[in-house]
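Input: a single structure, listed below in structure tokens.
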Amino acid sequence: MDQSTVLQMLAVSVVGIAVAAVARRRGWPAPLLLVLAGLVLSPLFPEYELDPELVLLVFLPPLLYAAAIDSSYLRLKDFRRPVALLSIGLVLFTTLIVGWVTHLLLPDLPLAAAFALGAIVAPPDAVAAVAVARRLGLPRKVVTILVGESLFNDATALTAYRVAIAAALGQGITWLDVTVDFVRAAVGGVIMGLALAWMLTWVLLRVREALIENTVMLLAPFAVYLAAESVHVSGVIVVVIVGLYIGHRMPKAGFGTRLLSDAIWRVLGFFLETIVFALIGLQLWPIVRGLEWGDRWELAGMALAVFVAVVVSRAVWVVPSLYLPRILSRKVRERETHPPSWRYTVIVSWAGMRGVVSLAAAFAIPQSFEGRDMLLFLTFAVVIGTLLLQGLTFPALIRRLRISNEQEIYADNLSEAAAQQAAASASLARLDELVADGVDDVHREVVDQLRSRTERRALTAWERLGGGTGPAGEETPSTVYRRLRREMLAVEREVFVRLRDERRVDDEVLSRVLHEIDFEEATLERD
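Basically this note's numbering = 1-based index in the sequence shown + 113.
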């Protein structure tokens, strides 16, 4: 990587972070604003063409891993049928529909090349799905389905893409080869992912050192992805399986590991997502420059036709895939007593934003490939069209359908309060066992503090159900405690900083004390 490329990436990072900061402060959708900023700034970076290896080896593994460790294995298991139908069935269906439409529009283009375009634009992007769905407060079921789909669909799409490219290049691919390749990539990815996940978890649970554990986890997505690709199984599936497994086992790790892990992946995820969405917009000029325009209206018409094929094929697939299993299977009807809400069906049908993986696959097409520039242009049109049209209208659609997760939030708070009460009872019972032999007056104060702190935590969970206010709108005791304690901690922090400035305490002392104050303030913020 030469110096000019490094400087360009640095400039993209600085601009992207600035735009994302403005978006977060204003409450605007950062991914969409970053794409628009990239489109506007694209003429300033005319020489920068997206490196597919950069996306597939540097950006994709950590982003998939971060999304996986933050997802629920148990919820994905509950919704495995719709996730599988979307991440496998829908991808293949979209590949066929878009390939057929492209072949009708460009009859001179080889059919295999048309199907390659279908595979390129088939998978919705994991980054876009997570960034949009969670920010909008969608119900947990919908978020789980969308995130689960976007975690696994890249494996299906990239396998279909490789097969189509090989067929277009005349490498003699047969249906048997296609089936064997797909099964090897998918099944081999699951087996290898479980094996590597068990090994990594075994190591992590025995290290018990937060810094080392998180260093290992930071390297894990890159290492397992490269290991999987080296033996020709799906690196995407391996990364996702490892992330889900480690995320599910994370409660057994130490508190320091969890706190540090959360901070690391939040920062890394924000940084990579910022660059990824900015890079999408920056590809406008390189793609337009390499295209032989001809009739611009004809090109616009073809781009619109492919975009419509992508959007419509998702809607055509989603509706029967959610309802037909209930009609055809009695076991499904017995297990799922309530049919899927039509509102959820509309949301899932419209949530098909494409992203940087599609562009990376398009740029990975060999330079000698027939129709490469046209495929790049059509891919870019679909990615930008879905991000802007569907991304911008998604919030309005959710408000129009009156979909929210308020009931889930209330249920979560209620279950948390009950769990906190049970935990507090068990904790106080253990405390009584420990002090059963008797304590003196000095130790009695310690016991009273421990008891008070435990009872206050349980009380806080119940008070959260009322929004932190009492029946007449007055502050609850826990709310008053948090407000007053924050003020006290702020004063303590100012005193230590002043003493450091006066050279009465060392910076190391200040750092240690601030660390303790910060942890307590974080606890108050959590409550």
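For each residue, glycine too, the CB sits at the ideal point set by N, CA and C.
Item: Residue 481 to residue 289 span [Cα, whole Å]; Value: 27 Å
Item: Completely contained alpha helix (DSSP H) runs for the segment 308 to 374, where each covers 4 or more residues; Value: 323 to 343 and 348 to 362
Item: Cβ-based burial, residue 463 [other Cβ within 10 Å; buried from 16]; Value: buried
Item: Through-space distance from residue 490 to residue 401, alpha-carbon basis; Value: 7 Å
Item: Closest residue to residue 158 among 178, 124 and 258 (Cα-Cα distance); Value: 124
Item: Residue 333, buried or exposed, once every other Cβ within 10 Å from all chains shown has been counted against 16; Value: buried
Item: Candidates 186, 386, 238 and 347: closest to residue 134 by CA position; Value: 386
Item: Buried versus exposed, by CB contacts within 10 Å (16 or more), residue 398; Value: buried
Item: Three or more C-beta pairs below 8 Å linking the segment 389 to 396 and the segment 146 to 158; Value: yes
Item: Continuous alpha helix (DSSP H) stretch holding residue 510: start and end; Value: 504 to 514
Item: Cα-Cα separation between residue 306 and residue 238, rounded to whole angstroms; Value: 21 Å
Item: Residues near residue 598 in its chain [Cβ-Cβ closer than 7 Å; skip 5 each side]; Value: 637
Item: Length of the line joining the Cα atoms of residue 476 and residue 366; Value: 41 Å
Item: Residue nearest to residue 180 in terms of C-alpha spacing, selected from 379, 591, 558 and 613; Value: 379
Item: DSSP-derived helix/strand/coil call for residue 638; Value: helix
Item: Proximity winner among 474, 564 and 575, relative to residue 524 (alpha-carbon distances); Value: 575
Item: Span of the alpha helix (DSSP H), counted from its first residue to its last, around residue 282; Value: No alpha helix (DSSP H) contains residue 282, which DSSP labels as neither H nor E.
Item: Short Cβ contact (8 Å threshold) for residue 251 with residue 434; Value: no
Item: Top-ranked residue by Cα proximity to residue 324, from 348, 347, 371 and 359; Value: 371
Item: Classification of residue 632 by the beta-carbon crowding that lies within 10 angstroms, buried from 16 upward; Value: exposed
Item: 6 Å Cβ shell around residue 374 - same chain, five flanking residues per side excluded; Value: 327
Item: CB contact flag (residue 347, residue 299, <8 Å); Value: yes
Item: Beta-carbon separation (whole angstroms), residue 687 vs residue 612, contact threshold 8 Å; Value: Because the chain is modelled from 114 through 640, residue 687 falls outside the range shown and cannot be assessed.
Item: Candidates 208, 253 and 541, of which the one nearest residue 232 by Cα; Value: 208
Item: Range of the contiguous alpha helix (DSSP H) that encloses residue 493; Value: 485 to 498
Item: Burial state of residue 312 (16 or more Cβ within 10 Å); Value: exposed
Item: Nearest neighbour of residue 493, chosen from 630, 416 and 564 [CA to CA]; Value: 416
Item: Cβ neighbour criterion (16 or more within 10 Å) applied to residue 140; Value: exposed
Item: Cβ pair count under 8 Å reaching 3, the segment 249 to 268 against the segment 175 to 190; Value: yes
Item: Under the three-state DSSP convention, the category residue 60 falls into; Value: Look at the range of the chain in this structure, 114 to 640, and you will see that residue 60 is not part of it.
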